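Please read the structure below before turning to the comments.
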RNA sequence: GGAGGGGUGGCAGAGCGGUCGAAUGCGCCGGUCUUGAAAACCGGAGUCCGUUCACGCGGACCGCGGGUUCGAAUCCCGCCCCCUCCGCCA
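Right under this line is the structure:
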C-alpha cells in the first residue's frame with residue numbers, strides 16, 4: 013500500500029516512480045476518488061456538527077415545555093442529508109481503498125530497468141551433465157507423487173530427506189548465530205495475511221484456497237512471518253526471523269515449463285529469512301540478506317550469479333529484488349534458487365506494523381524484507397554440481413555433521 | 001459439532017442513552033527534586049478530515065455496517081474476530 017499522504021503531497025513524483033513499472037495512469041483514479049471522499053466527508057461532518065447543535069437546542073426547548081416542532085423538522089432534513097453524504101463518502105472510500113490496494117510499490121531508484129547481472133561467483137566445474145532427476149532416481153519419486161496428488165507433486169525419499177533436513181538445520185543454525193529467531197509458522201492463513209503481504213489481489217491464481225474454511229495455503233512463509241507483527245507497535249527493531257515451512261503454489265500458467273524433476277512443484281520446503289527494520293536501515297538490510305544467501309551458496313560450493321531484477325519483473329510489494337541463480341549442469345544454464353526483496357513500507361502499511369523511534373515520538377511504519385535461505389532448489393543444485401562421472405554425487409562436507417550423507421551412490425538404472 | 005462470554009487509547013480496564021474522546025492503573029515523553037539514577041510530585045501524549053503562516057480552532061472516529069432516538073461507546077439487527085466450557089479427534 014502506498015502512502016496516501018505522499019500521493020497527495022507529491023503526486024508527480026509518485027507518478028514518475030510508478031511509470032517505471034507502467035502503472036502511472038492508475039494514480040489519477042486514486043487522486044480523483046480521494047478528492048471525492050474528502051469533499052463528501054468534509055460536508056457530512058459540518059452537517060453533523062449542525063445536527064449536534066440542534067440536538068442540544070431541542071433538549072433545552074423540551075425542558076422548558078416547548079414542542080420544538082421547527083427544530084425537529086430541521087433535524088429530520090439534516091439527518092437525511094447527512095445520511096446521503098455519508099453513503100457517498102463511504103462509496104468513494106471503498107473505491108479508493110480498492111484502487112490504492114491495487115497499486116504496486118514504488119521501485120527503488122537502484123532497481124534495474126531490465127534484469128542486470130551484478131556478478132558471477134564460483135568456478136563452474138561442470139558445464140553440462142545429468143540432471144537432478146537422473147541423479148536422484150527414485151529418491152525423487154514423481155510417479156507416486158502424481159498418482160497420489162497429481163503432477164508436480166513429489167515424494168522425497170531416503171538420503172534426500174536426510175540431505176534436506178541437514179541443509180535446513182545447518183542454515184537455521186547459521187541464521188540463529190546472526191540474530192534470526194527460528195520459527196515454524198502456520199501455512200494456512202486468512203485473507204488479510206495475503207492481502208497484507210501484497211499477494212492479494214495481485215497473484216490469486218497462484219494460491220490454493222481452502223474455501224470451506226476461508227483459508228489460503230501460503231506459497232512462502234513470508235506471508236505468516238510478515239503477519240506476525242500485524243497491528244503491533246514493535247519496540248525493538250531490527251527483528252529477524254528464520255521461518256521453515258512447506259510452501260504451496262498452484263503454478264497456474266506455468267504449463268509445460270520446468271516440468272522435469274522438482275524445479276517447479278506445487279509443494280516444497282523452504283527456510284525463509286524475514287526482517288523488520290527501521291526505514292533508514294532497509295537498504296543495508298537488503299544487502300545483508302543477499303550476503304547471507306551468497307554465503308550459503310558459497311559454503312555449499314555452488315557456482316552462481318546475482319541478478320538485479322528489472323522493474324517489470326518485480327512483485328507488487330517489492331521496491332527492489334535480487335535473485336541468486338545457481339549454475340545447473342543438467343540445464344546448462346543459471347537458474348533462480350534464491351530471491352530477496354526489499355518491500356520497504358509496502359507490506360508494513362497494509363499490515364499496520366509500526367515501531368516507536370528511539371527516544372520516543374510517534375510510531376512510524378516499519379520496513380520489511382525477505383529472502384530465501386535454503387529450498388529444494390538447493391538440493392537440485394547440489395546434486396547436479398556434485399555429480400561424478402559414474403552418476404554418484406559428492407555432497408558438501410559442511411552438511412555431514414548435520415546428518416547429510418557425504419555422497420550418494422549412483423541411482424540404479 | 002453444542003453452549004456461553006467478549007471486542008473501548010501503547011497495554012490492562014471502567015463506562016451501559018445527553019455533562020464521554022472517554023475514569024483508573026501500568027507503561028511512555030517532558031519537568032521538579034538528586035552528584036547521577038530510582039522513588040515521589042507536577043505536566044504531556046490517539047487517528048483522520050477541514051481551517052490557520054503559526055499557537056490554535058471546528059468536526060468525525062469506542063471491531064465493521066445498518067437501525068431506533070431530538071441525541072448512541074451505551075439499546076436493537078447483521079457481519080467479522082477473539083476467548084471459555086462440553087463433545088469429538090490427534
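Numbering (the working numbering), first residue to last: 13 to 425. Glycine included, every Cβ here is placed at the ideal spot set by N, Cα and C. Nothing here was measured: the structure is a model prediction, and the numbers come from that model.
First through last residue of the beta strand (DSSP E) which encompasses residue i
i: residue 129; result: 128 to 133
i: residue 87; result: Unbroken run through residue 87 is the alpha helix (DSSP H), 81 to 114; no beta strand (DSSP E).
i: residue 245; result: 244 to 246
i: residue 379; result: 379 to 387
i: residue 319; result: 316 to 320
i: residue 24; result: From DSSP, residue 24 is part of no beta strand (DSSP E) but of the alpha helix (DSSP H) over 23 to 31.
i: residue 255; result: 251 to 260
i: residue 284; result: 279 to 289
i: residue 199; result: It is not in any beta strand (DSSP E) - residue 199 carries neither H nor E in the DSSP assignment.
i: residue 345; result: 345 to 354
i: residue 219; result: From DSSP, residue 219 is part of no beta strand (DSSP E); its letter is neither H nor E.
i: residue 195; result: 192 to 195
i: residue 338; result: 332 to 340
Contact belief for residue i with residue j at Cβ below 8 Å, rounded distance in angstroms
i: residue 332; j: residue 119; result: 7 Å
i: residue 317; j: residue 196; result: Wrong, their Cβ atoms sit about 32 Å apart, outside the cutoff.
i: residue 280; j: residue 182; result: Residue 280 to residue 182, Cβ: 18 Å. No contact.
i: residue 286; j: residue 382; result: 5 Å
For residue j and residue i, the rounded distance between their alpha carbons
i: residue 274; j: residue 223; result: 27 Å
i: residue 155; j: residue 162; result: 9 Å
i: residue 66; j: residue 51; result: 23 Å
i: residue 276; j: residue 218; result: 13 Å
i: residue 334; j: residue 64; result: 57 Å
i: residue 226; j: residue 386; result: 30 Å
i: residue 148; j: residue 184; result: 25 Å
i: residue 378; j: residue 416; result: 39 Å
i: residue 139; j: residue 211; result: 36 Å
i: residue 29; j: residue 114; result: 15 Å
i: residue 71; j: residue 54; result: 26 Å
i: residue 272; j: residue 145; result: 7 Å
i: residue 190; j: residue 106; result: 43 Å
i: residue 90; j: residue 243; result: 37 Å
i: residue 402; j: residue 269; result: 29 Å
i: residue 80; j: residue 86; result: 10 Å
i: residue 362; j: residue 151; result: 42 Å
Residue from the options whose Cα sits closest to the Cα of residue i
i: residue 200; options: 347, 261 and 343; result: 261
i: residue 337; options: 208, 71, 380 and 136; result: 136
i: residue 390; options: 91, 68, 122 and 175; result: 175
i: residue 247; options: 69, 116, 374 and 145; result: 374
i: residue 365; options: 419, 424 and 238; result: 238
i: residue 329; options: 321, 345 and 359; result: 359
i: residue 192; options: 249, 173 and 170; result: 249
Boundaries (first-last residue) of the alpha helix (DSSP H) holding residue i
i: residue 208; result: 203 to 208
i: residue 239; result: 234 to 239
i: residue 433; result: Nothing in the structure corresponds to residue 433, since the chain is present only between 13 and 425.
For the stretch 233 to 240 and the stretch 254 to 274, state whether three or more C-beta atom pairs, one from each stretch, are separated by less than 8 Å.
-> yes
Meets three-Cβ-pair contact criterion under 8 Å: the stretch 338 to 345 and the stretch 84 to 102 | No, they do not touch.
Does the stretch 53 to 60 come within contact of the stretch 108 to 117, defined as at least 3 CB pairs closer than 8 Å?
-> no
Three-pair Cβ contact test at 8 Å for the stretch 38 to 49 versus the stretch 18 to 26 = yes
Is the stretch 307 to 325 close to the stretch 404 to 416, with three or more CB pairs under 8 Å?
-> yes
Kindly confirm or deny that the stretch 289 to 308 and the stretch 351 to 358 touch, where touching means at least three C-beta pairs closer than 8 Å.
-> yes
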